[in-house]
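Report on the structure given below.
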Amino acid sequence: MSFIKKFVERETINRRQFLLASMAGVGTLAASGLVPSPALAAGGPTVAWSYRNRTNPYWNAIVSGGARFVESLGMSGDDLVHLLNEGSSEKSLADVKALLSKTGGNLALGIDTNDAPNARPVVEAVQAAGGHVVTIWNKTEDLHPWDFGDNYVAHISWSDTKPAETVANILIDAMGGSGGIVGLGGIPSNNPAIERRQGLDNAMAANGNTELLDYQAADWDTQKAAEIMSSYLTRFGDEIKGVFCANDTMAFGAIEALRAEGLAGQVPVVGYDGTAQAAEFIKSGEMQGTVYTDPPWAGGIACSLAYHAAIGTFKPSDEPKGHREFFGPALVVSKSDVDQFVAQHIDGSPDVDWQDFWGPTTPAA
Amino acid sequence: MKALLSRDSLLKWAPVLVLLVLMLTFPIFEMLNDLARGKEHLYLLDSRFLSVRNFARIAIAAAPALMVALGVTFIIIMGSIDLSMEGTVSVSAVSFAYAFIALGGTLASWAWLAMPLALVVGAAIGMLNGLVHVKLKIPSFMASLAMGFVGTGFALLLTGGERVRVDDPIFRSLLTVRWFNFPIMIYVAGAFLLLMWFVQTRTTLGRNFYAVGGGEELAAASGLNVSRVRILGFTLAGVCYAMGGLLAVGKIGIAETVTGANFMFVSITAVVVGGTALWGGIGGVFNTLIGVLIVFVINNGMVVIGLPSYIQSAVLGALVILAVVLSTDRKAISFVK
């Protein structure tokens, strides 16, 4: 799930940002300024998602959920307004302010504020204009929805430690319970990278027969993961009995490095994020497990919470804190349940009751 | 012997010496690691780093970057710079993947046409890049940087942010089938290197690159159509980038918007480390081969000796500066821009 932060970090140091940001500026203008929104005409709140960019399947999945929620209101999925921050917190805030003034505060917003400190000004701007906002992933520890009345509806994040531990146990089982493990981690400062590593450490601490040979950051990147994996093969050779990857895209790199040596499918590999390709690899036996965090659900429920708070279906300040800050779902996928997972979440999109706000969640507060 | 040790030839061979020193240095750390773990280790003989299998791994990692670096070599020899590689690689890779799947999805069908198509796409972007640079008189730095952004944006438009998987076993044999311990893609890369060497040394165009880089005014005054040479240079570079894109897809079986990511740093670093001067007129494709090998030997070696990842970039940066220092003739230049 933390596809997110990976991209977040990596693309921040990327100059291509520049152009894309200016292109997105034009796009946002078109989306929010020039095209009249039927929702506005009907008097309901405008529904919007503010997020990083569209180069990443994760964000595409998030906003696909937002579009499905908008469709459930009887509108077209295109009526969901997209604000792309392209890795700029300033742009993120400026776009939100522009949309708030355009809609007169009649706004239901789902947002990843790009970095944690930016969450506060965004939330304050939404509250000042009388809009409703749900944040995901980024916010500082001292910022809480319940300090903002009804306007800051909720914050959604994911706790990766426990699911990572479960998937690490799948790996250790596939290794026959003992042997050397190599790890490929995300960008070291990213929260998901830290939590997933913690999950692996917990699983290994509970199993004394395993040894962590090395754990290096491959920055969520497929090609870098392939290079580090092949260097691991040089360094450790047959000692490698299992590969733990902090996300699926790095697992793909590790698998290709193994494939080059004719080892794909012989050395167990696990990932995280529950991508379609990971499911295929699990079916073919080249991967043993991954964790799905249901981004379409999160993208849709964020819009739904903000929307229903805006039209008065429920009053956020009457809800317990666990309904204001909560963890999204995490579904561990392995060989035994991969077919069912694909049928439900990859090929089909499960019917979601968008007013069952907290069904699959666990309280974070 | 005297000629061999002259200042000129030392400078000329400095990149090779750097590479050799690196290849002898990493096994020392490897030996120390093993001895510390209580294993027996005879220097060089027991080195896993200096094994054929590891050379194949380094070669696989380096092959796509070598293609890209070859392209930018010619541009740098002309005294220009090309920063469009990331966008061009992505667009070529994604175009290839889509065409490949649309035309049948296996090399045993008409889908093989996707490969020349990708090269044509690369050439077209490169030519456009050259035209923007020459006709609109925009410095190559800015023109190509912008073109790279356009390319990345276009690749994003094509994919919508999704990954395209190319899993045809025949195409993937580039990686999975080995002749004499090395996958087929290494031979493809080698053949392409020889082709570029031919262009550099045996064609008018190749010699004109040096003429433009050595003294553009002089070349123009001698009747050389410099604009044409530049546009052809960028077109050729585009073909090289597309080739890099093809090998990158061959390597990991996925084409996506970020397929081209990181190629800019690696390729330009490799060219400069190999001894091709950024001010033009000096260097060539074999310098680039050595440069690419230096960069990837460092990357591979650092993991093999177990250097923590947070130190690796710092070490890479320091080694790059060292390599450039050793291979630059500071007496021959009065100032550096």
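Line by line, the protein sequences give chains Y and H.
If you're matching positions, the first sequence starts at 41 in my numbering and goes up one per residue.
If you're matching positions, the second sequence starts at 10 in my numbering and goes up one per residue.
Glycine is no exception: its CB is placed at the ideal position from the N, C-alpha and C atoms.
Beta-carbon separation (whole angstroms), Y:P356 vs Y:A349, contact threshold 8 Å: Taking the first residue of the first sequence as position 1, residue 356 of chain Y is located at position 316. Taking the first residue of the first sequence as position 1, residue 349 of chain Y is located at position 309. Confirmed, Cβ separation roughly 5 Å.
Residue environment, H:W288, which counts as buried when at least 16 other CB atoms sit within 10 Å: Translated into the one-based positions of the second sequence, residue 288 of chain H becomes position 279. Under this definition H:W288 is an exposed residue.
Per the DSSP calculation, Y:V373 is bridged to which residue(s)? Within the first sequence, the letter at position 333 stands for residue 373 of chain Y. DSSP output for Y:V373 lists Y:T330 as bridge partner(s).
Might you give, ordered along the chain, the residues of its own chain that have their beta carbon closer than 8 Å to the beta carbon of Y:D190, omitting 5 neighbours on each side? On the first sequence, residue 190 of chain Y is found 150 positions in, with the first residue counted as 1. Correct list, in chain order: H172, A349, K355, P356, S357.
Supposed contact pair Y:A88 and Y:L139 - C-beta distance, whole angstroms, cut 8 Å: The residue given as residue 139 of chain Y occupies position 99 in the first sequence. The residue given as residue 88 of chain Y occupies position 48 in the first sequence. Yes, Y:L139 and Y:A88 are in contact; Cβ-Cβ is about 6 Å, under 8 Å.
Closer than 7 Å by beta-carbon distance: list the chain H residues that pair up with Y:T95, in chain order. As a working mapping, residue 95 of chain Y is identified with position 55 in the first sequence. In chain order: L165, G170, T266, V267.
Residues near Y:A319 by beta carbon distance below 8 Å, same chain, minus five either side: Translated into positions along the first sequence, residue 319 of chain Y becomes position 279. These residues qualify, in order along the chain: T330, V373, V378, F381, V382, I386.
Is H:M151 buried or exposed, if buried means 16 or more other CB atoms sit within 10 Å of its CB? As a first step, residue 151 of chain H is located in the second sequence; it is residue number 142 there, counting from the start. It counts as exposed.
May I have the straight-line CA-CA distance separating Y:G362 from Y:M244, to the nearest angstrom? Start at 1 with the first residue of the first sequence, and residue 362 of chain Y comes out as number 322. Start at 1 with the first residue of the first sequence, and residue 244 of chain Y comes out as number 204. Distance between the alpha carbons of Y:G362 and Y:M244: 31 Å.
Output yes or no for whether 8 Å exceeds the beta carbon distance between H:R239 and H:H142. Position 230 of the second sequence, counting from 1, holds the residue named residue 239 of chain H. Position 133 of the second sequence, counting from 1, holds the residue named residue 142 of chain H. Yes, these two residues count as a Cβ contact at 8 Å.
DSSP on Y:I367, reduced to helix/strand/coil? The sequence position of residue 367 of chain Y within the first sequence is 327, counting from 1. Checking the sequence, you will find Phe at residue 367 of chain Y rather than Ile. For Y:F367, the three-state secondary structure derived from DSSP is strand.
Y:Q306, buried or exposed, once every other Cβ within 10 Å from all chains shown has been counted against 16: Against the first sequence, residue 306 of chain Y aligns to sequence position 266. It counts as exposed.
Are there 16 or more other CB atoms within 10 angstroms of the CB of Y:W177, so buried, or fewer, so exposed? Here residue 177 of chain Y is taken as the residue at index 137 of the first sequence, counted from 1. By the 10 Å Cβ count, Y:W177 comes out buried.
Excluding the 5 residues preceding and the 5 following Y:A70 in the sequence, name in chain order all residues of the same chain whose CB lies nearer than 8 Å to its CB. Here residue 70 of chain Y refers to the residue found at position 30 of the first sequence. Any reading at Y:A70 needs caution, since the residue's pLDDT is 42, under 50, leaving its predicted position unreliable; the model's value is listed next. For Y:A70, where only same-chain residues beyond five positions count, there are no Cβ hits under 8 Å.
Expressed to the nearest angstrom, what Euclidean distance is found between the alpha-carbon atoms of Y:M290 and Y:L298? Here residue 290 of chain Y corresponds to residue number 250 of the first sequence, with the count starting at 1. Here residue 298 of chain Y corresponds to residue number 258 of the first sequence, with the count starting at 1. Those two C-alpha atoms are separated by around 12 Å.
Proximity winner among H:I84, H:F105, H:S318, relative to H:I277 (alpha-carbon distances): Looking up residue 277 of chain H in the second sequence gives position 268. Closest option to H:I277, Cα to Cα, is H:I84.
Mind checking if H:V197 is an interface residue toward chain Y, Cβ cutoff 8 Å exclusive? By 1-based counting over the second sequence, the position of residue 197 of chain H is 188. Closer than 8 Å to the CB of H:V197 there is not a single CB belonging to chain Y.
Going straight from the alpha carbon of Y:S141 to that of Y:G150, what length do you get? The residue you call residue 141 of chain Y lines up with position 101 of the first sequence. The residue you call residue 150 of chain Y lines up with position 110 of the first sequence. If I take the Cα positions, the gap works out to 17 Å.
Beta-carbon neighbours of H:L192, restricted to chain Y and to distances below 7 Å: Mapped onto the second sequence, residue 192 of chain H falls at position 183. Here residue 192 of chain H turns out to be Pro, not Leu, going by the sequence shown. At a beta-carbon threshold of 7 Å, the residues of chain Y lying near H:P192 are A300, ordered along the chain.
Segment limits, alpha helix (DSSP H) that includes Y:Y312: Your numbering for residue 312 of chain Y matches position 272 in the first sequence. Element bounds for Y:Y312: n/a, residue is neither H nor E.
Short Cβ contact (8 Å threshold) for Y:K137 with Y:A165: As a first step, residue 137 of chain Y is located in the first sequence; it is residue number 97 there, counting from the start. As a first step, residue 165 of chain Y is located in the first sequence; it is residue number 125 there, counting from the start. In terms of Cβ geometry, Y:K137 and Y:A165 form a close pair [threshold 8 Å].
Bounding residues of the alpha helix (DSSP H) (the contiguous stretch that carries Y:S229): Stepping through the first sequence from its first residue, residue 229 of chain Y is reached at position 189. If you look at Y:S229, you'll find it isn't in any alpha helix (DSSP H); DSSP assigns it neither H nor E.
Cβ atoms of Y:L224 and Y:G314: under 8 Å apart, would you say? Counted from its first residue, the first sequence places residue 314 of chain Y at position 274. Counted from its first residue, the first sequence places residue 224 of chain Y at position 184. The answer is no: Cβ separation not under 8 Å.
On the DSSP letters alone, give me the boundaries of the alpha helix (DSSP H) that Y:T274 sits inside. As a working note, residue 274 of chain Y is residue 234 in the first sequence. First-last of the alpha helix (DSSP H) with Y:T274: 262–276.
CB-CB length for H:G96 against Y:T95, believed under 8 Å: Here residue 96 of chain H refers to the residue found at position 87 of the second sequence. Here residue 95 of chain Y refers to the residue found at position 55 of the first sequence. That pair is no contact at about 12 Å.
I'd like to know whether the C-beta of Y:A168 is nearer than 8 Å to at least one C-beta of chain H. Indexing the first sequence from 1 puts residue 168 of chain Y at position 128. False, the Cβ-Cβ gap to chain H never drops below 8 Å.
Quick check on the DSSP output: the alpha helix (DSSP H) that includes H:G223 runs from which residue to which? Your numbering for residue 223 of chain H matches position 214 in the second sequence. Element bounds for H:G223: 213–223.
Let's test the definition: count the other Cβ atoms within 10 Å of the Cβ of Y:Y272 and tell me whether it reaches 16, buried, or not, exposed. Here residue 272 of chain Y refers to the residue found at position 232 of the first sequence. A buried status is given to Y:Y272, since no fewer than 16 other beta-carbon atoms sit within 10 Å of its beta-carbon.
Among Y:G106, Y:P85, Y:N100, Y:Y98, whose alpha-carbon lies nearest the alpha-carbon of Y:W394? As a working mapping, residue 394 of chain Y is identified with position 354 in the first sequence. The shortest C-alpha separation from Y:W394 is found at Y:G106.
What is the DSSP secondary structure of H:R187, counted as helix, strand or coil? Locating residue 187 of chain H in the second sequence gives position 178, counting from the first residue. Of the three classes helix, strand and coil, the one that applies to H:R187 here is strand, per DSSP.
Say whether chain H places a C-beta atom closer than 8 Å to the C-beta of Y:S104. Here residue 104 of chain Y refers to the residue found at position 64 of the first sequence. Judged by the 8 Å Cβ criterion, Y:S104 is not in contact with chain H.
Cβ atoms of H:R16 and H:E39: under 8 Å apart, would you say? What you label residue 39 of chain H is simply residue 30 of the second sequence in a count that begins at 1. What you label residue 16 of chain H is simply residue 7 of the second sequence in a count that begins at 1. It is not a contact, given that the beta carbons lie outside the stated cut-off.
Counting Cβ pairs closer than 8 Å, one from the stretch 74–91 of chain H and one from the stretch 210–228 of chain H, do we hit at least three? A contact exists between the stretch 74–91 of chain H and the stretch 210–228 of chain H.
Between the stretch 296–305 of chain H and the stretch 42–49 of chain H, can you find at least three pairs of beta-carbon atoms closer than 8 Å? These segments do not touch.
Within 8 Å, strictly: CB atoms of Y:P336 and Y:A101: Start at 1 with the first residue of the first sequence, and residue 336 of chain Y comes out as number 296. Start at 1 with the first residue of the first sequence, and residue 101 of chain Y comes out as number 61. Cβ atoms of Y:P336 and Y:A101: closer than 8 Å.
With burial defined as no fewer than 16 other Cβ atoms inside 10 Å of the residue's Cβ, what is the status of Y:W99: buried or exposed? Here residue 99 of chain Y corresponds to residue number 59 of the first sequence, with the count starting at 1. Buried, by the Cβ-count rule.
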